[in-house]
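Notes follow the structure.
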Amino acid sequence: MRVANVLAFLVGVSLFTQIDAASLLRGGLLPSLRRVPPRFRLKCTVSDATSTVPDISLEPPPPPSGREIRNFALPALGLWLSSPLLSLIDTSAVGLAAPPSLSATQLAALGPATTLCDGTQYLFAFLNVATTSLYASELARSERAGLTRGSQAAEDVVWLACRIALTCGVAAMLLLLLACVPMLTLYIGADTAANTALLASAVNYVRVRILSLPAALLGSVLSAALLGARDSLTPLLSTGVASAVNVLGDVLCVAALRKGLAGAAAATLFAQ
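Counting along the sequence shown from 1, when you hit position 65 you're at 65 in this note's numbering, and nothing is skipped either side.
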């Protein structure tokens, strides 16, 4: 019985190997190969019924040089350093320009306030990652298709990311405007929150600065799209401009007008 099974198996294999390879390619393989991107298609040469196994030829892109990686990665840090840099400028302005009797309390309030604002923006960092990945994929697909400009699908990725960023920004802004007091109390602890001057200063800062959250998220996804287009210089320039505006605003609102934390938050609001 075992010998018969083996013989049947060998006969089946021999019959299969005698099938015309050209008819297989015409009837079964070529339609599916047409749907494969040109870069990953099988290069097959069929001469007769005894053709050889298809040769798989891939054309990966050349690896980037160390200089190219450095020129792209270093400016791209501006996308992630924008919000902490603005908070650092506010901290420096309040510490240097606030009256001595209020500087300690305002600096103590500024810590949890900036953490809450920056942390809220970091919650939506997935939008930046998704926008960069999807936009770069669509641009690469357009390049393979021979298009000089990005396809409509690439533009749709950016528009969708902008709409999601604005929606998330408005929703988070409204949530923090309504619930910043219990959130700050939970963060700093009930004992520290018993200091009404500290808690009030932190709440005032959050309620002013959080108004810029929709614009901040929108700017982040636009910068992420630029990274997907291999442009890391523009996000760095935008971070530099925002920092300069924040410095000038802190000089005016905190040092000149003596508005304290509220002035620092207003400067960051206009900068973002």
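Note that CB positions come from ideal geometry on N, CA and C, so glycine has one too. All of these numbers come straight from a predicted model, not from anything done at the bench.
Exclusion of the five residues before and after Leu-177 leaves Arg-207 and Ile-210 as the residues of its chain whose Cβ lies within less than 7 Å of its Cβ. Residue environment analysis places Val-170 among the exposed positions, since fewer than 16 neighbouring C-beta atoms fall within 10 angstroms of its C-beta. Secondary structure of Ala-194 (DSSP, three-state): coil. Under the 10 Å beta carbon count, Gly-189 is surrounded by fewer than 16 other beta carbons and is classified as exposed.
For Phe-124, the three-state secondary structure derived from DSSP is coil.
In this structure, the straight-line span from the alpha carbon of Leu-236 to that of Ala-256 is close to 29 Å.
Cβ neighbours of Leu-74 within its own chain (closer than 7 Å, five residues either side excluded): none. The shortest CA-to-CA distance from Ile-164 to any of Ala-179, Ser-87 and Phe-126 is the one to Phe-126. Between the beta-carbon of Leu-261 and that of Tyr-205 there is about 4 Å, and that keeps the pair under the 8 Å contact cut.
For Gly-189, the secondary structure class from DSSP, reduced to helix, strand or coil, is coil.
The stretch 64 to 73 makes no contact with the stretch 216 to 225, as fewer than three CB pairs between them are under 8 Å.
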